[in-house]
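Protein chains in written order, with my numbering: chain A, 1 to 118; chain B, 1001 to 1118. Glycine is no exception: its CB is placed at the ideal position from the N, C-alpha and C atoms. Here the structure is a predicted model, which is why all the values come from computation and not from measurement. Notes to accompany the following structure.
There are 2 protein chains.
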Amino acid sequence: MANDVCSTNIVDQKKVNRVSGVLPSADINQSMAEAFKALGDPTRLRIVQALALEELCVCDLSALIDVSVSAISHQLRLLRNLKLVKFRKEGKMAYYSLDDDHVRELITITRAHVLEKK
Amino acid sequence: MANDVCSTNIVDQKKVNRVSGVLPSADINQSMAEAFKALGDPTRLRIVQALALEELCVCDLSALIDVSVSAISHQLRLLRNLKLVKFRKEGKMAYYSLDDDHVRELITITRAHVLEKK
DNA sequence: CCTTCATTTGAATAGTTGCTCAAATATAAC
DNA sequence: GTTATATTTGAGCAACTATTCAAATGAAGG
Chain A
1 MANDVCSTNI VDQKKVNRVS GVLPSADINQ SMAEAFKALG DPTRLRIVQA LALEELCVCD
61 LSALIDVSVS AISHQLRLLR NLKLVKFRKE GKMAYYSLDD DHVRELITIT RAHVLEKK
Chain B
1001 MANDVCSTNI VDQKKVNRVS GVLPSADINQ SMAEAFKALG DPTRLRIVQA LALEELCVCD
1061 LSALIDVSVS AISHQLRLLR NLKLVKFRKE GKMAYYSLDD DHVRELITIT RAHVLEKK
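Pasting the structure below:
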């Protein structure tokens, strides 16, 4: 591969240009990273996995995951802002559920990855 | 829904038990969160997306993403440890690529999610 | 109105993390 | 051997984040 000169400043410019042209814009990249990061915390991942099975209130989630109600609520707000979960109010209670099926797919694939590589 | 008593300590025990039985174990959850977290940083996400298109050396990646060689190398180690990327040595150079197709799928789904919700 | 309870919110803090810088490896060429 | 280059590594620091705690909001019942 003759074109592969890589000396601190000089790189294979063709390759870099080719890839550079296809990579998502900075803000799309940022948004994607935020979505992944949201799932990248054990507590939030548990929340999301629980909601993938059942609609649950904050209190249920707190007991299920064994994290304070306040902490759960903080995390739910974050997930809500990213439109990963949604909620409906019924009296005093707030029932949370997944906003769409993307998250379910992400969970399935990542579980497969982890189980394969362990 | 008569069973929904939720008073600070008492929760809908049935629901909680049902979900609790199906949630992944603590260490699987942890590993899954680590994988998501790895993709949850803008720099690492860019690295991975670039590698989804082409095999690249550290120097190429550094120029492409505009982050120091050292920083790229640190991030590549992390991605390597999680078996998200692999590499081969050719002389002085190290050529990195994706370890499997899971990552590609994750990227595709998350991009769709972000574009839908924007 | 007053109390109770589910949830939300803001501030503070302890722990984590991504980058930089300097130094260390490792390989190729002379 | 020496030199040059690609990559890796460790320490240190500034920025971020998940939780806790206390207080606020908002809805139902008496």
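*Whole-number beta carbon distance between A/His113 and B/His1113, since they are thought to touch under 8 angstroms*: About 18 angstroms separates the Cβ atoms of B/His1113 and A/His113, ruling out a contact at the 8 angstroms cut-off.
_Span of the alpha helix (DSSP H) around A/Lys117_ = Run containing A/Lys117: 102–117, per the alpha helix (DSSP H) assignment.
*Per DSSP, which residues does B/Met1088 bridge with? Please list them.*
Sequence check: residue 1088 of chain B is Arg here, not Met. Answer by DSSP bridge pairing, in chain order: B/Tyr1095.
*Report yes if the C-beta of A/Lys83 is less than 7 angstroms from at least one heavy atom of the ligand FAD; otherwise report no.*
Among the components of this structure there are no ligands whatsoever, and the ligand FAD is therefore not found.
*Straight-line CA distance for A/Leu53 to A/Leu106?*
In a straight line, the C-alpha of A/Leu53 is about 14 angstroms away from that of A/Leu106.
*So what does A/Cys57 bridge to, in DSSP terms?*
DSSP output for A/Cys57 lists A/Tyr95 as bridge partner(s).
*Identify whether A/Pro24 lies in helix, strand or coil by the three-state DSSP scheme.*
Looking at A/Pro24 - three-state DSSP - the assignment turns out to be coil, as it is neither helix nor strand.
*Could you say which of B/Val1058, B/Pro1042, B/Leu1045, B/Ser1020 lies nearest to B/Lys1092 if we only look at CA atoms?*
Minimum Cα-Cα distance from B/Lys1092 among the listed residues B/Val1058, B/Pro1042, B/Leu1045, B/Ser1020 corresponds to B/Val1058.
*When you compare only the Cα positions, how much space is there between B/Glu1116 and B/Gly1040?*
Whole-angstrom Cα-Cα distance: 19 angstroms.
*How big is the Cα-Cα spacing for B/Thr1110 and B/Asn1017?*
Cα-Cα distance, rounded: 31 angstroms.
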